[in-house]
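**Q**
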Amino acid sequence: MAQRFFLADDDDDDRLLFEDALRELSMETSLIMATDGVDLMEKLEETVPPPPSVIFLDINMPRKNGFECLMEMKQIEKFRDIPVVIFSTSNEDSTIDRTYRQGASFYIHKPRSFEKLKSAIQQIIAIDWSLQTMQPSKEKYVLHF
């Protein structure tokens, strides 16, 4: 069965680059994109179950930001165990700390090159999420590319 990913990001260019990188990496995936947090939560309600393999979540979005989405997902049983990877331009310690406390699985500062973006996505795709039952230590939470 193909892996299914969600990407919530309000930036059109970032969504397009992500889609292109994922397509170059694997044919056995599908991607559902949301333009903001409200759109993400609506799409999750419409399509889960089955849950996506991973949700890539931007922080700074209109209508409902990534913090609000993450908090809401962790409060709803059918979304609670879906891995969430924060995918943001923010590199502030307070943002990283807050998303860690809210239960995100990993944090990726959006890479500046297409090759680094592909590398970041590849690393997340390669994780066996059935074995990744606990949040990593704070030292391993932020992935660098």
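For the sequence shown, full-length UniProt numbering gives the first residue as 1, with consecutive numbering after it. The beta carbon of each residue, even a glycine, is placed where N, CA and C say it ideally should be.
1) Do you know whose CA, among Asp39, Leu44, Asp36, Lys64, lies nearest Arg4's CA?
2) Look up Ala120 in the DSSP assignment and say whether it is helix, strand or coil.
3) On the DSSP bridge assignment, give the partners of Ala8 in chain order.
4) Starting from Ile96 and walking both ways along the alpha helix (DSSP H), at which residues does that stretch end?
5) If you compare alpha carbons, which of Glu46, Asp11, Val84 is closest to residue 159?
6) What does the alpha-carbon distance come out to for the pair Leu40 and Pro52?
7) Would you kindly report the start and end of the unbroken beta strand (DSSP E) that includes Phe79?
8) Measure the C-alpha to C-alpha separation of Asn65 and Lys78 and round it to an integer number of angstroms.
9) Does the beta-carbon of Ser130 have 16 or more other beta-carbons within 10 angstroms, so that it is buried, or is it exposed?
10) Out of Gln132, Gln122, Ser137, which one is the CA nearest neighbour of Thr27?
11) Checking 7 Å against the spacing of the C-beta atoms, do Phe18 and Ile55 come in under that value?
12) Measure the alpha-carbon distance for Ala120 versus Phe114 and round it to whole angstroms.
13) Is the beta carbon of Gln102 less than 7 Å from the beta carbon of Leu57?
14) I'd like to check one pair, Asp81 with Met61: are the Cβ atoms closer than 7 Å?
**A** By the coordinates alone:
1) For the purposes of this step, residue 4 is identified with residue 4 of the sequence shown, where counting begins at 1. Closest by alpha carbon: Leu44.
2) Within the sequence shown, the letter at position 120 stands for residue 120. The three-state secondary structure of Ala120, taken from DSSP, is helix.
3) Position 8 of the sequence shown holds residue 8. Per DSSP, Ala34, Leu57.
4) For the purposes of this step, residue 96 is taken as residue 96 along the sequence shown, with counting starting at 1. Per DSSP, the continuous alpha helix (DSSP H) segment holding Ile96 begins and ends at 93 to 101.
5) As shown, the chain starts at 1 and ends at 145. That puts residue 159 outside it, with no answer to give.
6) By 1-based counting over the sequence shown, the position of residue 40 is 40. By 1-based counting over the sequence shown, the position of residue 52 is 52. If I take the Cα positions, the gap works out to 12 Å.
7) Taking the sequence shown and counting its residues from 1, the one referred to as residue 79 is at position 79. No beta strand (DSSP E) contains Phe79, which is instead part of the alpha helix (DSSP H) from 77 to 80.
8) Here the question's residue 65 lines up with position 65 in the sequence shown. Here the question's residue 78 lines up with position 78 in the sequence shown. Taking the straight line joining both Cα atoms gives about 20 Å.
9) The residue labelled residue 130 in the question sits at position 130 within the sequence shown. Counting Cβ neighbours within 10 Å, Ser130 comes out exposed, since fewer than 16 surround it.
10) In the sequence shown, the residue the question calls residue 27 occupies position 27. Residue identity differs from the one stated: residue 27 is Met in this sequence, not Thr. Answer by Cα proximity: Gln122.
11) By one-based count along the sequence shown, residue 18 stands at place 18. By one-based count along the sequence shown, residue 55 stands at place 55. Not a contact, by the Cβ cut-off of 7 Å.
12) Indexing the sequence shown from 1 puts residue 120 at position 120. Indexing the sequence shown from 1 puts residue 114 at position 114. Each residue's Cα considered, the two are about 10 Å apart.
13) Along the sequence shown, one-based indexing puts residue 102 at 102. Along the sequence shown, one-based indexing puts residue 57 at 57. Cβ atoms of Gln102 and Leu57: not closer than 7 Å.
14) Against the sequence shown, residue 61 aligns to sequence position 61. Against the sequence shown, residue 81 aligns to sequence position 81. Not closer than 7 Å, so no.
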